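Single-structure report; data block below.
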Amino acid sequence: MKRLLVAALLAGGATAASAAPEYDHATHGGAPDKAVARDRMWQAALARAPLAATAAFDRQGRLWLARVENGRVLVGRSDDAGKSFSPPVAVNAEPERIAADGENRPKLAFGRNGEVYVSWTQSGDQPFSGHVRFARSLDGGRTFGAPLTVNDDRAPISHRFDALLVTADGRVHLLWLDKRESAAAQRRGEKYAGISLYYAVSTDRGASFAANRKLADHSCECCRIAVAPDVDGTPVALWRHVFGMNIRDHALLRIGVDTQPRRVTHEQWAVDACPHHGPALAIGTDGVYHLAWFSGAPEKPGLYYAHSVDGARTFSVPLAFGSNDAQAGHPALLARNRNLWLAWKEFDGRAFRLQVQHSGDRGQTWSVPQTLAATNGSADYPQLVTDGRAVYLAWSTANEGLRLIALDKP
Amino acid sequence: MRRAAALSFVLATAAAVAGEPPRPFVAGSHARILTAHAERPLVLAFWSLDCAYCLEELPQLAAWARRNPRAAVVLVSTDSPDDAAAIGATLAAHGFGEIESWVFADDVPERLRHEIDPRWRGELPHTVLRGRDGRLCTVTGRVKAEQLDSWLQSDANR
Chain A
1 MKRLLVAALL AGGATAASAA PEYDHATHGG APDKAVARDR MWQAALARAP
51 LAATAAFDRQ GRLWLARVEN GRVLVGRSDD AGKSFSPPVA VNAEPERIAA
101 DGENRPKLAF GRNGEVYVSW TQSGDQPFSG HVRFARSLDG GRTFGAPLTV
151 NDDRAPISHR FDALLVTADG RVHLLWLDKR ESAAAQRRGE KYAGISLYYA
201 VSTDRGASFA ANRKLADHSC ECCRIAVAPD VDGTPVALWR HVFGMNIRDH
251 ALLRIGVDTQ PRRVTHEQWA VDACPHHGPA LAIGTDGVYH LAWFSGAPEK
301 PGLYYAHSVD GARTFSVPLA FGSNDAQAGH PALLARNRNL WLAWKEFDGR
351 AFRLQVQHSG DRGQTWSVPQ TLAATNGSAD YPQLVTDGRA VYLAWSTANE
401 GLRLIALDKP
Chain B
411 MRRAAALSFV LATAAAVAGE PPRPFVAGSH ARILTAHAER PLVLAFWSLD
461 CAYCLEELPQ LAAWARRNPR AAVVLVSTDS PDDAAAIGAT LAAHGFGEIE
511 SWVFADDVPE RLRHEIDPRW RGELPHTVLR GRDGRLCTVT GRVKAEQLDS
561 WLQSDANR
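So the sequences go chain by chain: A and B.
Counting from 1, one number per residue, gives the positions in the first sequence under our numbering.
Counting from 411, one number per residue, gives the positions in the second sequence under our numbering.
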């Protein structure tokens, strides 16, 4: 069924945590206690070796990996499908505090002419604050230009949970969750449910971005955004939204086409909470939209899958998958012609299992779930990636490093 | 912005607050906490520095705890022991004086969550109410004082 291709990479070429440089916090001002406390948190954050990494194949079928270490995004390339990696290149020369957790990790995307694009969230000193950062390489990942801050509101509030997409026309799309509307409402003494979905596009290979645009009011605050290109190149976004006062189901928007987000899930999960559990979206070459998501609605909690053959106007009846008693969560989806793969992770009290289901008929029927890997230590979310020929599961775990698992051709 | 200002203050005083550091919450801690407070109604509140709704809930929970000394209120942060200073300072700044406070201390938080509730994916706030009759109920999301009042006055806590 599968081949284990690779284990080691997290050790390759990177500097050790003990080599953490010193940072000058005097410039941030404030009392000595404040500086001491912040410095301690900052150093603690740097010292953690985050598992969260992003694997992606470029247009030539080479595997790339982005991860975070000592305040830098490190990008490495493998020309042998993950057996070995080039020494990682630091994307940002100046270290900064970079979000690297399940929902919020550096992103990688590739242009038509070998451009390597990287985005990430820079965490600020204020809790929940951050900036969306972006850098590009025009020399095949050997060097990166100085990072840009893409959000044009620079208040110390949330501009986080970036999502990055390059469409076939070469445009670079960035989406993120942005608190500026909520903060403005607070200043006026008004209530504002959730925060907002924001967007910026680059038409010059990432040299610059057009003015920020609000795509939607009332997104949930801290769930990853899913984005995928439709067959005509339209970027399509799927995110957890706040409907009414606090119903945290999902909304979808075709950027540049729809004027309003449309509601696409209906579990009616009413909760004032941070789920930290964003959805997955894949769009097949046939234009079928495939969605996977988590709902904690008390009557029917769990993971769900649904598809739409009419551009998200109507959807199939949501199909529950995964074991609720094993925290089934954090789904990934990949569509290729008629084939569709769905992956997620479970934890049975002792070990994590990487679960996969396959559909050969665009999501109408599914194989039984198969366990493709397990681990006893901590585990990142699973990712599904393809080099255009084979489909792989990428899974970063503390004990095993990054594993790339080839899925059988159906 | 009010919250941000309050939190700057929290960070400013983090190093100065001499409160007891949170205890490490490890495998088995959940059962031990339930046993340790078997005689009293218990509110076991899971929260995080990363959870805005938790920070909104904390002052209300602190006020409720002061009004209801017959209930035990125990707080468990799902952050990491590295965050101990910020946890102590945040609780102090949100109205908790002497409070039993714990912090997740396991590289695999799923392991701890599995013991608490195998279905819990980690959404916060997450509150476990254990009545004097031993029955458990769980509230996901911000818990309201009225919910706690009616639970405390219910048959579960006679």
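All residues carry an ideal CB built from backbone N, CA and C; glycine is no exception.
Computed from a prediction, not measured in an experiment: that's the story for all the values here.
Whole angstroms is fine: what's the gap from B/T548's alpha carbon to A/D79's? Numbered from 1 along the second sequence, position 138 holds the residue referred to as residue 548 of chain B. Numbered from 1 along the first sequence, position 79 holds the residue referred to as residue 79 of chain A. Each residue's Cα considered, the two are about 50 Å apart.
Just the Cα atoms here: how many angstroms apart are A/T365 and A/R338? Translated into positions along the first sequence, residue 365 of chain A becomes position 365. Translated into positions along the first sequence, residue 338 of chain A becomes position 338. Just so you know, the alpha carbons of A/T365 and A/R338 end up roughly 11 Å apart.
Please report whether the beta-carbon of A/D325 lies at a distance below 7 Å from any beta-carbon of chain B. If you number the first sequence from 1, residue 325 of chain A lands on position 325. Yes - at least one Cβ of chain B is within 7 Å of the one on A/D325.
Collapsed DSSP secondary structure at B/N567 in the structure displayed: Locating residue 567 of chain B in the second sequence gives position 157, counting from the first residue. Helix at B/N567.
Say whether chain B places a C-beta atom closer than 7 Å to the C-beta of A/C220. Counting from one through the first sequence, the residue named residue 220 of chain A turns up at place 220. For A/C220, no Cβ of chain B is located within less than 7 Å of the residue's own Cβ.
Just to confirm my understanding: we take B/Q557, look at its own chain, exclude 5 residues before and 5 after, and list those with CB closer than 6 Å. What are they? As a working note, residue 557 of chain B is residue 147 in the second sequence. The beta carbon of B/Q557 is closer than 6 Å to none in its chain, skipping five residues each way along the sequence.
Helix, strand or coil: how does DSSP classify A/S137 here? Numbered from its first residue, the first sequence carries residue 137 of chain A at position 137. In the structure shown, A/S137 adopts extended strand secondary structure according to DSSP, grouped into three states.
Which full runs of the beta strand (DSSP E) of 3+ residues lie inside the segment 286-319 of chain A, going along the chain? Segments of the beta strand (DSSP E) lying fully in the segment 286-319 of chain A: 289-295 and 302-308.
Report the rounded CA-to-CA distance for A/V172 versus B/D565, giving the unit in angstroms. Along the first sequence, read from residue 1 onward, the residue named residue 172 of chain A stands at position 172. Along the second sequence, read from residue 1 onward, the residue named residue 565 of chain B stands at position 155. Each residue's alpha carbon lies about 60 Å from the other.
Could you check whether the Cβ of A/A406 sits closer than 7 Å to any Cβ belonging to chain B? Walking along the first sequence from the start, residue 406 of chain A turns up at place 406. Using a CB distance cut-off of 7 Å, A/A406 does not count as an interface residue toward chain B.
Between B/W512 and A/P275, what straight-line distance do the alpha-carbon atoms span, to the nearest angstrom? Your numbering for residue 512 of chain B matches position 102 in the second sequence. Your numbering for residue 275 of chain A matches position 275 in the first sequence. Their backbone Cα atoms lie some 21 Å apart in a straight line.
Compare the C-beta of A/S378 with all C-beta atoms of chain B and state if any pair is closer than 7 Å. For the purposes of this step, residue 378 of chain A is taken as the residue at position 378 of the first sequence. At least one CB of chain B lies nearer than 7 Å to the CB of A/S378.
From the beta carbon of B/G438, is the nearest beta carbon of chain A less than 7 Å away? Start at 1 with the first residue of the second sequence, and residue 438 of chain B comes out as number 28. Residue-level contact check: B/G438 does not touch chain A, since none of the beta carbons of chain A fall below 7 Å from its beta carbon.
Beta carbon proximity, A/A185 to chain C, threshold 7 Å: No chain C is present in this structure, whose protein chains are A and B.
Contact belief for A/L281 with A/A226 at Cβ below 8 Å, rounded distance in angstroms: Within the first sequence, residue 281 of chain A is the residue found at index 281, counting from 1. Within the first sequence, residue 226 of chain A is the residue found at index 226, counting from 1. Taking C-beta atoms under 8 Å as the contact rule, A/L281 and A/A226 qualify, at a distance of about 4 Å.
In chain order, what residues of the same chain have a beta carbon less than 8 Å from the beta carbon of A/A31, not counting five sequence neighbours either side? In the first sequence, the residue the question calls residue 31 of chain A occupies position 31. For A/A31, the pLDDT reaches just 43, beneath the cut-off of 50, and the residue's location in the model is therefore unreliable, leaving the point undetermined.
Measure the Cβ-Cβ separation of B/V436 and B/D517 and say whether it is below 7 Å. Translated into positions along the second sequence, residue 436 of chain B becomes position 26. Translated into positions along the second sequence, residue 517 of chain B becomes position 107. Not in contact: B/V436 and B/D517 (Cβ atoms no closer than 7 Å).
Interface partners of A/H277 on chain B, CB under 8 Å: Locating residue 277 of chain A in the first sequence gives position 277, counting from the first residue. Listed along chain B, the residues sitting closer than 8 Å to A/H277 by beta-carbon distance are R531, G532 and E533.
Is the CB of A/F85 under 7 Å away from at least one CB in chain B? As a first step, residue 85 of chain A is located in the first sequence; it is residue number 85 there, counting from the start. Using a CB distance cut-off of 7 Å, A/F85 does not count as an interface residue toward chain B.
How big is the Cα-Cα spacing for B/R552 and A/Q126? To locate residue 552 of chain B, count along the second sequence from 1; it is residue 142. To locate residue 126 of chain A, count along the first sequence from 1; it is residue 126. The alpha-carbon separation between B/R552 and A/Q126 amounts to approximately 22 Å.
What is the DSSP secondary structure of A/G284, counted as helix, strand or coil? One-based indexing of the first sequence puts residue 284 of chain A at position 284. Coil.
Within this structure, are the beta carbons of B/A455 and B/L501 separated by less than 7 Å? What you label residue 455 of chain B is simply residue 45 of the second sequence in a count that begins at 1. What you label residue 501 of chain B is simply residue 91 of the second sequence in a count that begins at 1. Going by C-beta atoms, B/A455 is not nearer than 7 Å to B/L501.
Would you say A/Y198 and A/K214 are within 7 Å of each other, going by their C-beta atoms? Walking along the first sequence from the start, residue 198 of chain A turns up at place 198. Walking along the first sequence from the start, residue 214 of chain A turns up at place 214. Yes.
Does the CB of A/D272 have a neighbour CB from chain B at under 7 Å? Position 272 of the first sequence holds residue 272 of chain A. Yes, A/D272 lies at the interface with chain B (some Cβ there is under 7 Å from its Cβ).
Between the Cα of A/K300 and the Cα atoms of A/C220, A/F315 and A/G322, which residue gives the shortest distance? Walking along the first sequence from the start, residue 300 of chain A turns up at place 300. Ranking A/C220, A/F315 and A/G322 by Cα distance to A/K300 puts A/G322 first.
B/L468 (DSSP reduced to helix, strand or coil): Here residue 468 of chain B corresponds to residue number 58 of the second sequence, with the count starting at 1. B/L468 falls in the helix class under three-state DSSP.
Among A/A200, A/F347 and A/A155, nearest to B/P519 - alpha-carbon criterion: Counting from one through the second sequence, the residue named residue 519 of chain B turns up at place 109. With distances taken between Cα atoms, B/P519 lies closest to A/F347.
Just verifying my parser: in three-state terms, what is the DSSP assignment at A/D272? Walking along the first sequence from the start, residue 272 of chain A turns up at place 272. When secondary structure is reduced to three states using DSSP, A/D272 falls in the coil class, being assigned neither helix nor strand.
Any beta carbon of chain A sitting closer than 7 Å to that of B/E520? To locate residue 520 of chain B, count along the second sequence from 1; it is residue 110. For B/E520, the answer is yes, since a Cβ of chain A falls inside 7 Å of its Cβ.
Can you list, in chain order, the residues of the segment 176-210 of chain A whose Cβ is nearer than 9 Å to any Cβ on chain B? So the list reads A183, Q186 and R187, given in the order they occur along the chain.
Compute the Euclidean distance between the alpha carbons of A/L174 and A/S182, then round it to the nearest angstrom. Walking along the first sequence from the start, residue 174 of chain A turns up at place 174. Walking along the first sequence from the start, residue 182 of chain A turns up at place 182. Cα to Cα, A/L174 sits roughly 20 Å from A/S182.
Any beta carbon of chain A sitting closer than 7 Å to that of B/P528? The sequence position of residue 528 of chain B within the second sequence is 118, counting from 1. Yes, contact with chain A.
Could you tell me the distance, in whole angstroms, from the CA atom of B/A475 to the CA atom of B/P469? Sequence index remark: in the second sequence, residue 475 of chain B carries index 65 (1-based). Sequence index remark: in the second sequence, residue 469 of chain B carries index 59 (1-based). The alpha-carbon separation between B/A475 and B/P469 amounts to approximately 10 Å.
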